[in-house]
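Chains as they are written, first to last, in this note's numbering: chain B, 7 to 885; chain U, 70 to 227.
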């Protein structure tokens with residue numbers, strides 16, 4: 007009754023429509039207005055046809071579903087709606103309590119509507135089960151629908167359905183069987199699947215195609231839930247493909263796909279089906295027009311796509327199968343009509359298959375050309391899939407994709423952001439040594455004009471590509487500077503140190519670079535990364551700037567005072583971040599040895615000795631001390647930077663800096679390589695040794711701001727340059743004079759330390775990770791032992807995020823310097839080295855606890871070990 | 070396989086939801102809200118696909134209604150558009166020039182049609198005719214259920 011309303015209403019609404027005419031019909035926007043095959047029915051805007059004139063009112067009867075929907079739709083506010091629904095829910099609950107069978111179906115249907123509006127409906131769960139158990143088809147239909155919407159496998163109630171479904175699977179009416187299959191196939195839990203798999207298998211063998219197609223998809227669901235039941239369906243698959251009915255054929259292909267994807271055995275078994283699948287596909291494309299399965303002139307595209315997908319799985323890394331499908335793939339690729347989306351859907355699937363199987367090279371080129379044609383399509387959806395698929399194949403078919411470069415670059419101008427993003431990724435993938443200049447021109451133009459959301463990725467893409475393929479150093483520097491000037495505030499934090507390193511190493515470009523950067527500084531001081539690099543270079547090469555020696559460009563005439571004016575301007579500018587100010591102050595300091603205006607510089611430095619910014623203040627105080635107490639060392643300390651050695655793996659990580667609030671040490675990496683472990687990691691090790699006062703000395707992460715004035719005082723107290731003691735307080739590297747000196751006197755750290763004749767030892771060897779110690783003793787201080795760890799990796803996968811930590815008893819002091827990398831390459835193809843300095847004033851045997859953390863094959867590993875007593879100060883060490 | 074299908078209006082009202090994987094009610098609501106926001110914010114010039122979490126979202130607007138499907142990595146976006154279109158065609162044939170109101174007032178019929186077309190996130194039948202025939206037959210079965218009682222009611226005997 008509840009549901010038969012539509013039929014009666016339908017008749018009535020047509021009568022009404024005829025009398026009211028066309029106008030009201032036009033007011034209702036039809037979902038499909040472009041389908042010529044659909045017969046047009048005139049409709050009324052109001053819903054009066056839902057309520058026949060012979061409206062029978064029964065006193066206790068709850069309101070009808072459509073009436074409820076109409077009432078709820080009249081609600082003007084959310085509150086009003088909630089009130090209506092609460093009232094109705096109360097009525098429904100009491101009806102449920104009375105075990106009213108007549109209106110249960112109507113009530114559950116109403117509940118489902120309210121559920122869709124977002125209101126709770128769980129109290130209808132059991133009622134759904136009662137409906138399913140009813141004999142009436144209407145009840146069953148709503149009951150199963152309700153079960154699918156309100157129940158799922160995480161509520162135990164659903165198991166109560168199992169028996170009903172079992173009965174219904176054996177019902178005499180196929181539509182009841184269909185409902186049961188559909189419910190099982192949509193929401194069956196693994197318990198249910200185990201219990202009912204037998205029934206499904208039986209139905210998979212029937213000759214009734216209505217049930218067979220549903221049973222096949224039900225089997226797919228069973229296999230997804232309980233893969234070990236797969237074999238049960240194997241016999242039934244035998245003649246699935248000889249079926250004529252497309253529903254059964256389609257669902258069978260889905261079932262076979264599922265089985266092949268889940269089990270290599272099944273995959274091997276079903277490879278023999280390739281010729282049959284090829285035949286079906288051939289029939290589909292060769293057969294004439296069949297109205298039942300035609301979609302815009304193409305015969306059953308849904309089936310074609312599924313077959314192509316199954317072929318892809320079967321042909322993958324199998325020569326014979328791939329060979330057997332080559333011809334048909336070529337045929338589909340050339341014969342499919344491409345004016346409509348359906349045709350392109352098939353072509354897209356064909357391309358994916360060609361790419362995945364062992365296809366002939368000619369076919370692969372054909373596939374890439376299809377994607378190239380897609381790029382020119384007016385339909386943005388097709389351009390999108392083309393870019394996505396080209397991105398997938400660019401590694402394997404680089405040259406073929408390269409041919410479509412100009413079309414891809416054109417997609418950078420697309421209006422759709424998703425297409426733009428794909429085009430950008432693909433463009434970067436296509437950059438190589440031959441096209442770098444042209445591609446970069448396009449990409450830099452894109453960087454200029456693109457939305458802010460793209461800038462960061464685009465900038466880092468340009469950096470990477472430039473680093474890999476730069477045709478000349480000058481081009482490289484120009485490109486990076488161009489990025490910094492156009493998208494400076496979007497670049498990643500490590501681009502500043504990277505550029506500085508690049509500039510340092512291009513000795514012949516120094517004059518040119520400093521001149522260009524100085525000019526950029528005059529133009530704009532808002533782009534912080536650019537300003538930082540410019541400050542650094544001005545400090546480092548200020549003498550070249552004022553001497554006007556540039557050969558590449560017309561030299562500019564600047565005076566020392568002008569340069570200092572600019573740098574001082576940076577110190578006071580509101581646009582400068584604290585980091586930038588740090589760069590500027592250090593630059594000014596360096597100029598004290600390059601310029602003659604020492605007095606002016608002294609003044610600036612002393613002013614900032616009372617800056618509110620602690621970092622800047624500390625820097626200024628230290629520089630001031632350099633002027634006053636250690637003026638004789640100043641020229642040596644501020645000497646020009648040597649060429650930095652670059653290792654590709656730790657290049658970006660070695661100098662970890664942020665352009666944000668916290669201030670990195672601007673002391674050059676030469677002086678002391680900043681350690682990349684945060685100091686709090688040392689606390690774990692303190693725990694290990696069972697005490698809080700064990701002196702684990704680890705240099706603090708340079709990004710940590712100096713925390714307190716007290717520490718600053720300590721630092722100053724330590725400025726006595728007695729080289730025979732390691733400062734007891736962990737501190738910023740800048741304040742550790744012994745190391746500062748070490749760094750200056752011997753650029754590659756510790757290379758002047760004579761090996762003390764202690765043989766190396768293996769401290770750890772487990773799970774393929776081997777750690778060897780080699781020993782040296784520091785020359786000037788016999789109490790300091792230098793241990794170099796060498797970590798190597800014999801496994802076939804590299805170990806990433808490698809962190810070595812060590813702890814020693816409190817009579818020792820220990821300092822870990824930064825590791826050469828945090829990645830231990832696989833197969834012994836390299837080692838990570840890290841220097842440990844141990845101060846051992848009492849000349850005891852050293853016992854060391856080590857903690858290793860790293861990520862291996864995607865999973866994090868952590869291990870602890872203890873070394874045996876090491877005798878560091880004799881000629882032997884005992885193990 | 071298709072993970073779920075949502076139908077919602079331009080105003081962000083959910084009209085139909087079908088989930089093919091077990092998902093908690095709260096998660097469902099959160100996902101629906103999130104997706105509606107994303108999809109409704111997209112401009113007409115943008116393409117019909119987007120990446121969302123680990124899924125691909127394919128959506129298409131028909132008059133005031135958005136049809137939105139979540140599919141997996143290996144699924145074909147273009148054929149998913151055809152699946153959506155086929156569903157709309159089925160609704161259109163069944164209701165006769167379907168509009169949003171039909172789906173609101175006859176949501177259960179819309180579900181029946183969907184369940185006859187898709188099952189467990191896969192297409193069940195590629196022929197429009199056989200899907201509609203099955204629905205018609207089931208509707209007839211339902212009417213048979215009702216008619217004897219209606220006659221009794223007509224005569225005032227109920």
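Just so it is clear, CB atoms sit at the ideal spot from N, CA and C, and this is done for glycine as well.
Residue ranges of uninterrupted beta strand (DSSP E) with 3 or more members, entirely inside the region 70 to 156 of chain U and ordered along the chain, are 71 to 78, 83 to 88, 118 to 121, 124 to 131, 134 to 140. In the structure shown, the three-state DSSP call for residue 187 of chain U is strand. Under the DSSP definition of a beta bridge, residue 852 of chain B partners with B:876.
In summary, the residues of the region 400 to 431 of chain B whose CB is separated from some CB of chain U by less than 8 Å are 421, 422, 423, 424, 425, in the order they occur in the chain.
About 13 Å separates the CB atoms of residue 776 of chain B and residue 869 of chain B; that is not less than 8 Å, and the two are not in contact. Counting only residues of its own chain and dropping the five nearest sequence neighbours on each side, residue 256 of chain B has a CB closer than 7 Å to the CB of 308, 309, 312. In the DSSP assignment, no residue is bridged to residue 561 of chain B.
Excluding five sequence positions before and after residue 566 of chain B, the CB atoms of its chain that fall closer than 7 Å to its own CB belong to 552, 601, 602, 603, given in chain order. Taking residue 859 of chain B as reference, the option from B:835, B:821, B:770 with the minimal CA-CA separation is B:770. Annotation: the continuous beta strand (DSSP E) that includes residue 812 of chain B extends over 805 to 813. Taking 7 Å as the cut-off, the beta carbon of residue 531 of chain B is found closer than this to the beta carbon of residue 537 of chain B. The beta carbons of residue 429 of chain B and residue 393 of chain B sit closer together than 7 Å. Judged by DSSP secondary structure, residue 770 of chain B falls within the beta strand (DSSP E) whose first and last residues are 767 to 772. Here residue 316 of chain B is actually not in contact with residue 282 of chain B; their C-beta atoms are around 11 Å apart, not less than 8 Å.
Within the DSSP bridge table, the entry for residue 790 of chain B names B:845 as partners.
Selection B:288, B:186, B:350, B:200 evaluated against residue 221 of chain B yields B:186 as nearest (Cα-Cα).
A check of alpha carbon separations from residue 488 of chain B across B:474, B:468, B:500 identifies B:468 as the nearest.
Apart from sequence neighbours up to five positions away, the residues of its chain that approach residue 351 of chain B with a beta-carbon distance below 7 Å are 307, 311, ordered along the chain.
For residue 393 of chain B, DSSP assigns no beta-bridge partner whatsoever. From the beta-carbon of residue 99 of chain U, no residue of chain B is found nearer than 7 Å; the closest lies around 12 Å away. Contact check between the region 133 to 153 of chain B and the region 163 to 171 of chain U: fewer than three CB pairs, one atom from each, fall below 8 Å, which does not count as touching.
For residue 137 of chain U, the nearest beta carbon of chain B is not closer than 7 Å to its own beta carbon. Beta-bridge partners of residue 164 of chain U (DSSP): none assigned. In the structure shown, the three-state DSSP call for residue 840 of chain B is strand.
When DSSP reads this structure, residue 866 of chain B sits in a beta bridge with B:861. Per DSSP, the unbroken alpha helix (DSSP H) holding residue 576 of chain B starts and ends at 566 to 578. Secondary-structure assignment with DSSP links residue 448 of chain B through no beta bridge to anything. Residue 309 of chain B reaches chain U at 195, counting residues in chain order whose Cβ is nearer than 8 Å. One thing to note: residue 852 of chain B has its Cβ within 7 Å of the Cβ of residue 876 of chain B. Listed along chain B are 256, 308, each with a C-beta nearer than 7 Å to that of residue 192 of chain U. In this structure, residue 593 of chain B sits near residue 544 of chain B, with a CB-CB distance shorter than 7 Å.
Here DSSP, grouped into helix, strand and coil, assigns residue 780 of chain B to strand. Apart from the 5 residues on each side of it in sequence, residue 391 of chain B sits with its Cβ closer than 6 Å to the Cβ of 354 in its chain, given in chain order. Inter-residue distance for residue 819 of chain B and residue 832 of chain B is about 33 Å (C-alpha atoms, whole angstroms). For the set B:621, B:549, B:609, B:556, the Cα lying nearest the Cα of residue 597 of chain B is the one of B:549.
If you check each beta-carbon in the region 213 to 226 of chain B against every beta-carbon of chain U, the ones closer than 7 Å belong to 216, 219, 220, 223, 226.
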